[in-house]
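What follows is one structure encoded as structure tokens, with my remarks underneath.
Protein chains in written order, with this note's numbering: chain H, -6 to 333; chain Z, -6 to 333.
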């Protein structure tokens, strides 16, 4: 068979499957965006103000894994946003200090790719990761640390003081704001390029045929109306637009003051069950169907949901390689763990 | 000044400080042993039966960090034996499932260098790490997982099943014993060579003068009667030989059936506060003085304790570089976290 004939057949197949425009073009038109391929392009997105340095990120990593930032000295950021398990804890609702469940029965969102969000927290009350990190550290059902305790713990450890000076200069004030902001800077680097990015960046073969079918359904059904951009989510959207969420009675979360809810990212969604703000749905296909009825006012069949989930596999990204840190030792001045 | 004169003076200084035999010789005579320098010599100690393979150790690492091995899916081996903080949690008594403190008020011992111990647990009831790993996983105040739950969780995750087959062969039975044993195999690799090893291995300058002074005191005071071998500890010894432990009333631990208690390792001891089986003493110099009165029947002065602690700095070891693992995702068959 001539190459030209094969090419022609291939074009026919493409058009049968995906209409006149390619699915790649459709995806881009629908607002789906790739993580760029070059460091400088990535940097424009994750570090627009050019504040990331190696020293800050390395220090932020240590602090992200630092249990002494919690009142008990047992809970770190990584406890609920575990980088080994998709950046989440895999629980329906977060568990924190004294084994306290999140009082609103809220599910821990993934920290991976959170830098691509417009807003942080389910109610979008924070607009960047540096600000976000202040919340859970102080919240009594989470890390339960008063600001002063965090500051005292870190300042009591000479290696940390030295690391802050290296990162910010000799006159740095190692206060709660700087400590939490440094964690946010590390979190900016937690991005996970996937086969879907390769696809959007031009590699037609990065997705399998069935993944492309799933992507087409994902677009055609209207999922992209909320799940778009680089994060495939991360913007504030109305919830229960077309119907009541089946598990609305679990917890008391009602969204922000306008009832808007932050759309979760779909990147690594296959690794971050359970789903929804209250973690009530464990099966991803069920979650897709629930979105059809609550948000789009359509019935998504089992077969369609399965196909869409097949596409989601292509959103599993390559996680940054993290060397588990060695944290500096406490001193006799370090405030003790508070267990009560 | 002639070189020969300098050498002669140096010998005089040595003999003034350390008597006729060198402190290096004294340390060896006292039963202090180095971690060997070659892989084959290390292997003879940590893997005498030649069972370690790269596949088993890598799988064991994943399982060590695997929170789904706990009933709640929130607690891993690394929660209490945190490799970032000297292999311990830094709490007086361990906290486990449902925020339960250890019922005997027992302190989590470090997992680093535990392979060099004769016995595991404070009462020495387990003789190797593979066996030890079975305990905390099942204990209701720790990870609280029934054997069947552990087996069901792991067998529900195809990537784990595949990894076990690669490590042990196609016919492997992925049961509780194999799962916990694999964790023990990983733990065998957690050894931390230090400047003290360099010293015992012949590098006279690996310790500072004041560290050598501390070492000499450590030997002369008799600390080596229990803190010897490679671990500088790890054997079962009588406790409160010479006097009552100041905090004996905290918790109800009385040692094994003969009242013997496992001597903790002194490797990385500067990083593993608080001290003693019940974690009652936070200051290392205080711990040294307490040992003088309870075990040796002598008064160790503040100055002497400080010098001995100075020696302990040389026992801070180089931790193995651990790449934080990416754990395989749960499936719809994976038993859910149990939070109650």
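Ideal Cβ positions, reconstructed from N, Cα and C, are used throughout, including at glycine.
Proximity to residue i [Cα-Cα], best of the options
i	options	result
residue 150/H	113/H, 29/H and 320/H	320/H
residue 123/H	135/H, 134/H and 107/H	107/H
residue 130/Z	201/Z, 324/Z, 114/Z and 68/Z	68/Z
residue 44/Z	100/Z, 96/Z and 160/Z	160/Z
residue 317/H	291/Z, 54/Z and 38/Z	54/Z
residue 238/Z	218/Z, 87/Z and 287/Z	287/Z
residue 329/H	72/H, 78/H, 66/H and 39/H	66/H
residue 275/H	76/H, 100/H, 109/H and 75/H	100/H
residue 51/Z	312/Z, 214/Z, 182/Z and 324/Z	182/Z
residue 313/Z	127/Z, 214/Z, 79/Z and 189/Z	79/Z
residue 327/H	83/Z, 178/Z and 91/Z	83/Z
residue 24/Z	125/Z, 216/Z and 37/Z	216/Z
residue 290/Z	236/Z, 33/Z and 109/Z	236/Z
residue 42/Z	214/Z, 121/Z, 285/Z and 91/Z	121/Z
residue 266/H	325/Z, 277/Z, 252/Z and 295/Z	325/Z
residue 138/H	263/H, 91/H, 279/H and 190/H	91/H
Within chain Z, partners of residue i - CB distance below 7 Å
i	result
residue 263/H	322
residue 66/H	83 and 84
residue 92/H	91 and 92
residue 266/H	323
Contacting residues, own chain, Cβ-Cβ under 7 Å from residue i (five flanking each side not counted)
i	result
residue 204/H	303, 304, 306 and 307
residue 259/Z	220, 225, 226, 305 and 308
residue 322/Z	none
residue 21/Z	193
residue 153/Z	147 and 321
residue 56/Z	62, 172, 175 and 176
residue 270/Z	99, 100, 115, 246 and 254
residue 7/Z	Confidence is the limiting factor: at residue 7/Z the pLDDT is only 47, short of 50, which leaves the residue's position unreliable, though a coordinate-based value still follows. Excluding sequence neighbours, residue 7/Z sits near 15.
residue 96/Z	134
Interface partners of residue i on chain H, CB under 8 Å
i	result
residue 182/Z	Per Cβ cutoff of 8 Å: no residues; residue 182/Z is ~14 Å from chain H at best.
residue 330/Z	83, 84 and 85
residue 88/Z	65, 67 and 332
Which residues DSSP lists as bridging residue i, in chain order
i	result
residue 316/Z	316/H
residue 222/H	25/H
residue 274/H	268/H
residue 253/H	231/H
residue 88/H	94/H
residue 288/Z	Answer is none; residue 288/Z lacks a bridge partner.
residue 113/Z	119/Z
residue 162/Z	Beta-bridge pairing links residue 162/Z to no other residue.
residue 187/Z	310/Z
Close Cβ partners of residue i (< 8 Å) along its chain, the five nearest in sequence each way excluded
i	result
residue 249/H	116, 117, 118 and 229
residue 4/Z	Legend: pLDDT at residue 4/Z = 47, less than 50; position of this residue unreliable, value from coordinates given subsequently. No residues qualify anywhere along the chain.
residue 165/Z	157, 158 and 171
residue 241/H	233
residue 338/H	The requested residue 338/H does not occur in the structure, where chain H is confined to residues -6 to 333.
residue 40/H	181
residue 0/Z	For residue 0/Z, the pLDDT reaches just 49, beneath the cut-off of 50, and the residue's location in the model is therefore unreliable, although a value from the coordinates is still provided. If we look at residue 0/Z and ignore the five residues flanking it on each side, it has no Cβ neighbours.
residue 11/Z	Because the pLDDT at residue 11/Z is just 49, under 50, the model does not fix this residue reliably, and the point stays unresolved.
residue 295/H	278 and 282
Cβ-based neighbour list, residue i, same chain, cut-off 6 Å, excluding 5 preceding and 5 following
i	result
residue 26/H	222 and 223
residue 206/H	300
residue 19/Z	212
residue 273/Z	240 and 243
residue 169/H	140, 143 and 144
residue 29/Z	35
Contact belief for residue i with residue j at Cβ below 8 Å, rounded distance in angstroms
i	j	result
residue 255/H	residue 112/H	6 Å
residue 63/H	residue 17/H	At roughly 45 Å, the Cβ-Cβ gap does not stay under 8 Å, so residue 63/H and residue 17/H are not in contact.
residue 332/Z	residue 94/H	7 Å
residue 103/Z	residue 81/Z	5 Å
residue 89/Z	residue 60/Z	Going by Cβ atoms, the distance from residue 89/Z to residue 60/Z rounds to 12 Å, so no, they are not a contact pair.
residue 261/Z	residue 185/Z	6 Å
residue 282/Z	residue 293/Z	5 Å
residue 49/H	residue 178/H	5 Å
residue 73/Z	residue 87/Z	5 Å
Per-residue contacts from residue i into chain H (C-beta, under 7 Å)
i	result
residue 77/Z	58, 317, 318, 319 and 320
residue 314/Z	316
residue 176/Z	Going along chain H, no residue has its Cβ under 7 Å from residue 176/Z, so there is no contact; the nearest lies around 15 Å.
Interface residues of chain Z facing residue i [CB-CB closer than 9 Å]
i	result
residue 147/H	Within chain Z, no residue comes near residue 147/H; the closest Cβ sits about 14 Å away, beyond 9 Å.
residue 276/H	325
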